[in-house]
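Notes to accompany the following structure.
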Amino acid sequence: MRVTNQFIVSSMIRQINKSNTSLNNQQVKISSGNQYLKISENPTNNALAMEYKNSINEKKQYVTNIESAGDWYKNTDSSLTNIESIIQRVRELAVEGANGVWEETDYKGMAAEIDELISALADVANTQVGNEYIFGGANTDVKPVNIINGAESGSNTSLVTKMGDILNNINASGPVTIDFAGGISRLTSQIDTTTVIDKSVTALEMFFRGTQVNNSPKFTTAIPPLEGSTLLTSLNSGKGVQLGTMLVSDHAGVVHEIDLSAARTIDDVISIIGESGNFEAGIDEVPSDTAISLGLFRTAGNSATLQGLSLGPLHNGDPYTLNTNLANLNSGMGVTGGYLNINTSDGMNFRVDVSACVTIGDVVDAIKAVDGGATLDATFDLENQRFEIKDLTGGKGDFSINSTKNQLFIKDKGSHTAQDLGLLKNAGVAGNIIYADYQQETDSASSPLGGLNGGTGVDSGYMSITNHAGTQFVVDVTNAVTQQDVIDAINVAGDGTVVASFDAATTRIMITDSSPGTNEFKVEEYKGSQSIKVSDTTSIAKNLGLLKTTNGNTVTGDPLKDIGGFVASATTNLADLNPPLSIMGNIVIKSGSNSELKVDLNDCVTVGDVVGKINGTGVYTAVLDPTTGSLVVGNPSAPLGSGMTIEELSNTARDLGFIGGTTNTATNVIAGAPLTVGALPTFEGSIDLNPMVTGSTMLHDLNNGYGVTLGTIRIVDKAGVAANIDLRDCKSVQDVLDKINAPINGIYVEARINADKNGFEIIDKNHGAPGKLKITDTDSNCAKSLGIFGTTYDHNFVGTDLDPALTADTPISVLNGKGIPTGKVFVQSGDYSCTIDMTGCKTVGDIIDKLSNTDYNLGLQAWISPDGKRLNLTNTEGMPFVKLSDLDGSGMSESLGFANSAGLFSTLIDLRDNMLRGDAEAISNVSLARLDEDLQRVMELHTEVGARTNRVTYTKEKHENITLNLKETLSRVEDIDMVEAIIQMTEMETAYQASLQVGAKIMQLSLLDFLR
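Residue numbers (the working numbering): 1 to 1012.
Listed below in structure tokens is the structure:
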């Protein structure tokens, strides 16, 4: 076989190219350091190399994460060190302040330093690494802590020292609360395959004890409602009540002394009157004409503007201005003093006292001042002669204005004289003897009545005896002291047919009737016909015509006349006046330039003696107007317009509204004049306490206290079965549930309280039924007001939020959806502070009672806001400072909305305030304890950060060691053995050169090659 030259050349070239390729590949491997250029060269090793590379890259990322976390830990560590230093310095100041030996200037200096330390603390809280806030949690781009100064908030900026000095706006430029804007969760960082570690500490847990931050309570001036817990000191626009004894005459004209000197609250007054046994008392809320007389008794609905009614032209023809006197309105009838109840569209209610307003402009200003001007705007439309009020809240509800007034009433319960004597009996037609009930305290006719009925005695009054002849005798035992006095009174009142005696055998009174006739012989309580009256124990100033108040310097009394109708003169005996002044005493004169002055008129006999006594004070002058018989009393040394008041020594009945402006709504009931409560410094709770709906929730408390319109509802279940359900006699939520779930209805539904505990839920149990569940009203808005009006194709109908109003009976276990904790709280009000143990409280009423009545030195009234959502605290003495702090970590004050969120900032702010107050007790009992808690929490976080720092350090070392080992392993499966590779390349190069040389010889062609 002949081998062609072409074949030989081709083979040689192929061999040379192969050698060249191998040499080139070997050179690339040597230059790259890799064993292989293609995966296919060694798939197994290449797979291992890829796995090792991924592991190495992963470890590198973990190390990067650890280094980033380490940077945060270093900055956090230094920040925590700074915080601990600040707390230690604050604690040193607190220990000094707790000694209570410092002057006011010393305390102010300490307070100023604390203000600076609060600012320093805020700077630390806002520490940044790069552009990230390390304590901002997930919100690293938002400053977590912002200091709110007094001028920027609705918080209280004034304080009252323990000495009673008011420091007005002392904190206007200082921190009063903190706005928290940071995240609530920590940042994390993955440092190992299965390990994620917290990278940060949040400002929330460091400065606010890890709880959600509440809105700060607002401090304002508000008008608390007149209710049982109202302190008497806050009545009469803050002037209070002069405590003492008042006189109440009953149906029969019997006068009873009611000693109210120990009363502190309206409830005390009501209770003491009730304990008399003759009367009952209470509070009535009735409509007032205040809003009507201003043309503002209106509802604007969903509109934000309420336009009043036109007040019409002034009776004197003058044009309207803001200076128009209110007395000229309503054809000269003026405006009824009292309150405007303004219901804003956001569900809030504000009481505006216009009693002191003189002009239209005053009313406008009073309305605009509500809530610091943030809630309402008011103007007076001069062209249309009407007020225009704007709601600035932006709510979705109705905007309306009305007026009510509160007044005390006293009701005569009727005499119980006969019953107390055991003589309330009927012998009938046949009986001739009535025996008193046996009482062991009676052993003779001389036994005192005070010992009867277990020592409670006998009602001093009258009783009625009717004999067989039908004759009725009224027996007066008002002055009876012993059993014999009663016997004598009966015998004096009778006509000889009815005789009383003492039965020595049975030791009791016996009454016999010898009259002929067929009528029943009986003893009854006497039912008088006189209207009930109330007066003070003295009425000297009133009977002298001097019970008056003036803005000037002179009081002109009412004309005095004697019993003959003649004008009184200086020589007229006081006993001859009409009405007569047979018993004298003291009157009190007050003026703007002088303190209260008591004038003793006890030894006065004539009108001239009274004039002489007043002139003898050396301060006031008195003359008798001979024409009118009026006494004229002046204060010549006082500046013009100082004002002057003359009153009785005791004015209890007057101050409770029972002297002027009373109404006998029935002969046995007297309603006092409306009582006013002045606008007072008030601490408004910041939390809607939002009671849950339970079976015991009363229907009248639903819908913010507006209640439910009861009637008949109609339910059609999904199977088409209908039932009309009458709910008119329901009182509670459970009553409604029972009515709907009653089997007699024949519908297959179940009513229950919904999962959110804020309303009803109707469940249709007709599974697979294709119809609709429908709930409608038949005769009222009952279903709508119960929040269950509507139609659904679903099997459950979830009602709307019924928003129960807060009441005194609301259990605290249903507040805030989960109940609130109870514990000991430290209360500061005005210049006083004390600890109140709230652990036994079960209802909102218990809380109100504890805060209002535990210690009257606090001058504190707790009350439910008019919107029924929150509790408020009012200082009834007009001192602009109220604060609550928890002593046992229960969080009760915070849960009620009476405290800033517990934490380091609130601790320092409270300490600063305690320093300014000079309240060493508060510093010692509250501030130091809370500082220790805060320091402990910061140190625990510091320890945690240190532990995490150590952990990531160890983890980093682990990753670096593993990475080193992985690189070594990777090198074995991927990196080339350089010595061996160079030898191989040398061999390949030699072979390649040899191939070239052989090829050169083989491929040197000549003509002979072609001739062969």
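Every residue, glycine too, gets a C-beta built ideally from N, C-alpha and C.
Bridge-paired residues (DSSP) for residue i
| i | result |
| --- | --- |
| Gly1013 | With the chain covering 1 to 1012 only, the question about residue 1013 has no answer from this structure. |
| His256 | Val248 |
| Leu235 | Val677 |
| Gln828 | Ser833, Lys883 |
| Asn149 | Pro175 |
| Gly463 | Reading the sequence as shown, one finds Met at residue 463 and not Gly. Bridge partners of Met463: Val475, Glu525. |
| Ile166 | Val160 |
| Thr874 | Thr682, Gln861 |
| Asp764 | Val749 |
| Ser501 | Met510 |
| Thr792 | Leu773 |
| Ile389 | Leu306, Ala378 |
| Thr621 | Gly634 |
| Glu132 | Val129 |
| Met644 | Thr550, Ser591 |
| Gly629 | Gly629 pairs with nothing; no bridge assigned. |
| Pro811 | Thr843 |
Exposed unless 16 or more other CB atoms sit within 10 angstroms - verdict on residue i
| i | result |
| --- | --- |
| Ser345 | buried |
| Ile820 | buried |
| Gln440 | exposed |
| Gln6 | exposed |
| Lys598 | exposed |
| Asp809 | exposed |
| Gln483 | buried |
| Gly845 | buried |
| Gln472 | exposed |
| Val28 | exposed |
| His767 | exposed |
| Gly394 | exposed |
| Ser234 | buried |
| Ile178 | buried |
| Asn900 | buried |
Residue from the options with nearest C-alpha to residue i
| i | options | result |
| --- | --- | --- |
| Ala673 | Glu205, Ala304, Ala172, Asp284 | Asp284 |
| Leu911 | Asp106, Glu92, Ala111, Thr554 | Ala111 |
| Gly295 | Gly301, Val286, Phe279, Leu306 | Leu306 |
| Tyr107 | Ala94, Glu116, Ser119 | Ala94 |
| Ser185 | Ile166, Ile191, Thr140 | Thr140 |
| Ala653 | Asp536, Leu544, Phe399 | Asp536 |
| Lys772 | Asn551, Ala722, Gly431 | Ala722 |
| Asn75 | Ala98, Glu116, Asn126, Thr44 | Asn126 |
| Lys527 | Pro743, Asp412, Gln407, Val196 | Asp412 |
| Gly817 | Ile713, Asp803, Gly830 | Asp803 |
| Leu260 | Asp250, Asp198, Ser276, Met644 | Ser276 |
| Ser200 | Ser78, Ala69, Gly308 | Ala69 |
| Gly1032 | Phe180, Thr792, His251 | Since the first and last residues shown for the chain are 1 and 1012, residue 1032 lies out of range. |
| Met584 | Ser400, Thr606, Gly711 | Thr606 |
| Val926 | Val945, Met939, Lys739, Ser906 | Ser906 |
| Val555 | Val814, Tyr620, Gly564, Gln530 | Tyr620 |
| Pro580 | Trp72, Leu167, Ala568, Ile587 | Ala568 |
| Lys718 | Asp391, Met698, Asp738, Ile775 | Ile775 |
| Phe898 | Arg870, Ser19, Glu921, Thr839 | Arg870 |
| Thr676 | Thr617, Leu737, Ala751, Thr336 | Thr336 |
Nearest-angstrom Cβ-Cβ length linking residue i and residue j, presumed shorter than 8 Å
| i | j | result |
| --- | --- | --- |
| Gly517 | Ala469 | 4 Å |
| Glu520 | Gly428 | 6 Å |
| Asp831 | Lys162 | 6 Å |
| Pro217 | Glu960 | No, Pro217 and Glu960 are not in contact; Cβ-Cβ is about 54 Å, not under 8 Å. |
| Gln861 | Thr876 | 5 Å |
| Asn146 | Ala181 | 7 Å |
| Phe399 | Asp391 | 5 Å |
Note down, one range per segment and in chain order, each beta strand (DSSP E) of at least 3 residues found wholly within the region 515–599. 521–525, 533–536, 548–550, 554–556, 586–591
Only counting runs of 3 or more residues, tell me where the beta strand (DSSP E) segments fall wholly within the region 686–717, in order along the chain. 712–716
If we require 3 or more residues per run, which beta strand (DSSP E) segments fall completely within the region 282–345? 298–301, 305–307, 339–343
Whole alpha helix (DSSP H) elements within the region 431–465, 4-residue minimum: 452–455
Run through the region 894–950 for me and flag every whole alpha helix (DSSP H) of 4 or more residues, listed as ranges in chain order. 904–917
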